[in-house]
Amino acid sequence: MLHKYRVTFWTVGLSLIVGLAAWSSAGRVQAGPTCEQFVQTGPDEGGKKSTSKKKAKPKKSDDEMPRVRWGQKRNETDAEYDKRYERLLKRIKQDKRGDSSDGTFMKGQEEVRLWTYMGHPFIVRTDISKEFTADTAMYMEMLHREYGRAYSKLLGGVPADVREKIEVIVFADRETYMQNGGTPGSGGFFMSFGHLVGDRGPHWPARRYRLQQFTDGVTDFRKWEKGTLKHEAAHMELQLRLGNTLYPGANIGVPVDCPRWWNEGHAAVFEYWDFDKTVEENFAEIPNRGRYAPVIRRIVGTPKWKDFNYVWTIDPESWHKDMTSEQGFLNYAQAWSLAAYMMGGGRQGWKDFRAVFDLSKRVGSDRQTTYMGDRTRAWEEKFPAEAKETLEKNWTKWVQENISRDKSVPDEEYYLKRGGYNPDVKDKLQRYSSTEIENLRKWIREEEERRKKSKQIER
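Residue numbers for the sequence shown follow the working numbering, so the first one is 1304 and each next one is one higher.
Structure below.
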């Protein structure tokens, strides 16, 4: 989708190039459709390092929930972590009133002053509190470190290019998020700009990468559901490895394009990443958790299951067009299942994942464009009919073996009901009738209230 921030371009030609880049899968990528269109209530093996240092049992805070040391390293004592946290906390400053060099943020008619941490590679900013900003910064550091281990396994050690900083912004509410560049129907987005974005001052150090979302009123970092953050961060980490295609003399770098299903599907897998587990343990758990498996097990083998070619070739325009309909979530679910096979299917799956990455980095996604020539031919040569047929068989076999109808994930009933589907029907994906959905609203509202009041920590 075309970016809405204030930008001045030099020529019409540059506008066209940047505009096309923004439409690409590398331009603006966002988390899967929320349940708003359904039921409304209103280079490392990834192994854990052994350590002889003992960690104290976390102390409980005033609300009887234990303190969480977000991003604590595996060989780091509590005392060492606490010193690191305090140093980071002291570096967080609230933006100066009226200073637009770091951007202007509004809530209604009032200017919002963000709490900002200037770190590397992340500049972390929130309108919530100094402590929430610090927790977010520590979490992003951990996420970058642990995702790196996963990508090392998948890509054989291709590093992230972090020479340019990434701006991470978290707002407390949807209204402020939307007023400051948020996308309708999304819980967040990651944007890689093909130009130096113009809504910051000329010396702002993060003008190519931005990750933005909101907490929907949650101000305690422990209670904030972090699936969207994990999803958007996966887009970020992938783009930091794909890089940009530079245009000499134009001083711009168009983000390298990649297939939409692959980008969104692999990010959907990362939504449920468990930072207490190793890479191998996380890969093994892919089919056993999350909101996509319950849907996949009910649509495979039915008319709702799209064939391989549909998933393989879907373009960004069609993807965005589907975002406000049921098909939008089904697109995410099938993309998740194909990426899940590649990430959780062992060496053959990793080989397929790496092949898609290498070809994307070389020629972009499988689409004909006016400014990059015929990329389709390169994809057909790398993945001829026989290769795609083999890939489809491997994918289908993995789904049938790992996401069969006699299995379930934790919270399967909740995920399905929240999406408007009947969990008691196993042989197909069956929506509730409008009358049933009206009766269901109370159950969902009570369940969500119960979850909010629980002492569960969202990791």
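For glycine and all other residues, C-beta sits at the position ideal for the given N, C-alpha and C.
Since the structure is predicted, the reported quantities are computational estimates derived from the model, not experimental observations.
Looking only at its own chain, which residues have a Cβ that is under 7 Å from the Cβ of residue i, when we skip the five neighbours before and after it?
i	result
Trp1639	Gly1568, Ala1571, Val1572, Tyr1595
Val1712	Asn1591, Arg1592, Gly1593, Ala1596, Pro1597
Lys1766	The structure shown does not extend to residue 1766, since the chain spans only 1304 to 1762, so no value can be given for it.
Thr1354	In this prediction, Thr1354 has a pLDDT of 44, which is less than 50 and means its spatial position is unreliable; what the coordinates show is noted afterwards. Answer for Thr1354: Arg1377, Asn1378, listed in chain order.
Phe1660	Leu1458
Cys1338	Only weak support exists for where Cys1338 lies, its pLDDT of 44 falling under 50; the coordinates are left without a value.
Arg1734	Gly1723, Tyr1724
Trp1622	Arg1563, Asn1634
Lys1526	Glu1761
Glu1750	Tyr1717
Mind checking whether residue i and residue j have CB atoms under 8 Å apart?
i	j	result
Tyr1512	Glu1444	no
Leu1694	Asp1655	yes
Gly1530	Ala1475	no
Glu1540	Ala1463	yes
Phe1493	Glu1528	no
Leu1641	Trp1564	yes
Ala1537	Tyr1450	yes
Gln1515	Lys1410	no
Pro1726	Glu1715	yes
Arg1400	Glu1414	yes
Lys1691	Arg1708	no
Lys1456	Val1582	yes
Val1614	Gln1651	no
Check each candidate in the options and name the one with the smallest Cα separation from residue i.
i	options	result
Leu1532	Gly1491, Gly1556, Pro1590, His1506	Gly1491
Ile1766	Thr1627, Tyr1613, Gly1648	Because the chain spans 1304 through 1762 in this model, residue 1766 falls outside it and cannot be assessed.
Lys1609	Thr1627, Phe1632, Glu1620, Pro1619	Phe1632
Glu1704	Leu1743, Ile1599, Glu1620, Trp1746	Ile1599
Tyr1388	Gln1542, Pro1508, Arg1416, Arg1372	Arg1372
Glu1689	Tyr1724, His1623, Asn1612, Pro1726	Asn1612
Gln1375	Asp1579, Leu1457, Asn1566, Val1559	Asp1579
Glu1279	Tyr1635, Gly1556, Glu1583	Not covered by the structure: residue 1279. The range shown for the chain is 1304 to 1762.
Val1473	Arg1650, Thr1439, Gly1422, Glu1716	Thr1439
Asn1585	Arg1452, Arg1748, Pro1687	Arg1452
Gly1422	Pro1508, Gly1501, Asp1618, Pro1687	Pro1508
Tyr1644	Pro1687, Glu1629, Trp1701	Trp1701
Asn1566	Lys1756, Met1646, Gln1759	Met1646
Ser1403	Lys1756, Thr1627, Thr1486, Arg1503	Arg1503
Val1332	Ala1382, Glu1629, Gly1485, Ser1737	Gly1485
Thr1627	Glu1739, Thr1738, Pro1487, Arg1744	Pro1487
Who are the near neighbours of residue i in its chain, counting only those whose CB is closer than 8 Å to its CB and skipping five residues on each side?
i	result
Lys1731	Arg1601, Ile1602, Thr1605, Lys1607
Thr1419	Ile1395, Lys1396, Gln1397, Asp1398, Asp1405, Ile1426, Val1427, Arg1428, Thr1436
Arg1753	none
Ile1706	Pro1590, Ala1596, Ile1599, Arg1600, Val1603, Ser1640
Leu1545	Ala1329, Pro1558, Val1559, Cys1561, Phe1660, Ser1663, Lys1664
Lys1357	With a pLDDT of only 49 at Lys1357, under the threshold of 50, the placement of this residue in the model should not be trusted; the figure read from the coordinates follows. The answer, listed in chain order, is Thr1380.
Ala1587	Gly1647
Is any heavy atom in the ligand NAP found nearer than 7 Å to the beta carbon of residue i?
i	result
Asp1523	The ligand NAP is not part of this structure, which contains no ligands at all.
With a cut-off of 8 Å on the beta carbons, I'd call residue i and residue j a contact; round off their distance for me.
i	j	result
Thr1479	Phe1517	7 Å
Gln1542	Ser1495	5 Å
Ala1658	Lys1685	7 Å
Val1465	Pro1424	4 Å
What residues in its chain sit with their C-beta under 6 Å from that of residue i, if we drop five residues either side in the sequence?
i	result
Ile1431	Ala1475, Thr1522
Glu1299	Nothing can be reported for residue 1299, as the shown portion of the chain is limited to 1304 through 1762.
Leu1446	Ala1536
Requested in this report: Tell me the start and end of each unbroken alpha helix (DSSP H) in the region 1368-1393 that is at least 4 residues and wholly inside, in chain order.
Outcome: 1381-1393
Query raised in the report: What runs of the alpha helix (DSSP H), each 4 residues or longer, lie entirely inside the region 1628-1707?
Result: 1629-1647, 1649-1666, 1679-1685, 1688-1705
Requested in this report: Would you mind listing the alpha helix (DSSP H) stretches within the region 1573-1617 that are 4+ residues and don't spill past its ends, in chain order?
Outcome: 1582-1588, 1596-1602, 1611-1616
**Report entry** Unbroken stretches of the beta strand (DSSP E), 3 residues or longer, contained in the region 1404-1445
**Finding:** 1408-1410, 1413-1415, 1418-1421, 1425-1429
Query raised in the report: What are the complete alpha helix (DSSP H) segments, minimum 4 residues, inside the region 1480-1556?
Result: 1530-1545
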